[in-house]
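*Asks:*
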Amino acid sequence: MANNKDMGFLTIKHSSKMADILDKDVFILPLLYHFGIDLGFGEASVEDVCLKYGIKPELFITMCRVYALKGYVPDCSAFDKDDLGTVSRYIHQSHVYYLNEALPELDRQFAEVLGCYEEVHRKVLSKFYSDYRTEVDKHFEYEEKTVLPYIGKLLAGDTDGDYSIADFEDNHSDIEENLYDLRNIIVKYLPGDAPYRMRYGLLMDIIRFGNELDKHTFIENRILVPIALKIEKNG
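Going by UniProt numbering, the residue at position 74 of the sequence shown is 74; the numbering climbs one at a time, nothing skipped.
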């Protein structure tokens, strides 16, 4: 049975007030941030705001539901090239945020925490985190240098070549899993050498980043890929 929040997001309309949507669930804020949507909505509707930022309201509502509703499965059958371009923009802007803001902040916090430990613990944790960061950088680099340029060609009508969005599906690494492992190491095994505030601050930011990555990956797999496959097939 759907709760009040779920019902609220399932009944969003083009005429719904954007401020009311945020009031239902503030955790859609990253979605707005990645689209470059500024605050100060006043009484503007979803349609008003989407028109201003070049986003189709139905796609925006679908992506809001991905962020807000656990287990939500989007129907992408009506989405087209314009929507694919919008999702591609969201993915690129997400990468910019991760690489320039979220991950450097995690780096800073992790270095601060590691500085409180003896060398034996510091080496193990540093190696695990360093390997994870390398994997994340490679993951985003592949998407920026291979996947998104391919989407750009697809939008321009260039479907020739050896690459397909199916290759992205096959090579889409699960960077969330290793982040979950890092979270568990901190929860289960990290000694209390670092101050309580530092350890909890790091853990909360790791959880926040993991939740954001989960939504990001879901949108890639369940919205970007289906639209791209349809365009590959039908033009």
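By construction, the Cβ of each residue, glycine as well, lies at the ideal position given by its N, Cα and C atoms.
Is Ser130 helix, strand or coil when you go by DSSP?
*Replies:* Here Ser130 sits in helix by DSSP.
*Asks:* Name the one or two DSSP bridge partners that Ser45 has.
*Replies:* BP columns for Ser45 point to Lys17.
*Asks:* Flag this pair as yes or no: are the beta carbons of Tyr72 and Phe27 separated by less than 8 Å?
*Replies:* Cβ distance not < 8 Å, so Tyr72 and Phe27 don't count as in contact.
*Asks:* My understanding is that Tyr33 touches Tyr90, with C-beta atoms under 8 Å, so please give their C-beta distance in whole angstroms.
*Replies:* The Cβ separation is near 10 Å, so there is no contact.
*Asks:* Checking 8 Å against the spacing of the C-beta atoms, do Ser21 and Phe35 come in under that value?
*Replies:* For the sequence presented, residue 21 should be read as Ile rather than Ser. No, the pair does not count as a contact, with Cβ atoms beyond the cut-off.
*Asks:* May I ask you to report which of helix, strand or coil DSSP gives Ile231?
*Replies:* In the structure shown, Ile231 sits in a helix (DSSP, three-state: H, G or I).
*Asks:* Please report the distance separating the alpha-carbon of Gly85 from that of Ala19.
*Replies:* C-alpha separation (whole angstroms): 25 Å.
*Asks:* When you compare the CB positions of Cys64 and Pro57, do they come within less than 8 Å of one another, or not?
*Replies:* Not in contact: Cys64 and Pro57 (Cβ atoms no closer than 8 Å).
*Asks:* Do Phe168 and Val113 count as a contact pair if the criterion is CB distance below 8 Å?
*Replies:* Result no, Cβ atoms of Val113 and Phe168 do not sit closer than 8 Å.
*Asks:* Please classify Val187: does DSSP put it in a helix, a strand, or coil?
*Replies:* Helix at Val187.
*Asks:* Measure the CB-CB distance between Leu31 and Ser88 and report whether it falls below 8 Å.
*Replies:* No, they are not a contact pair.
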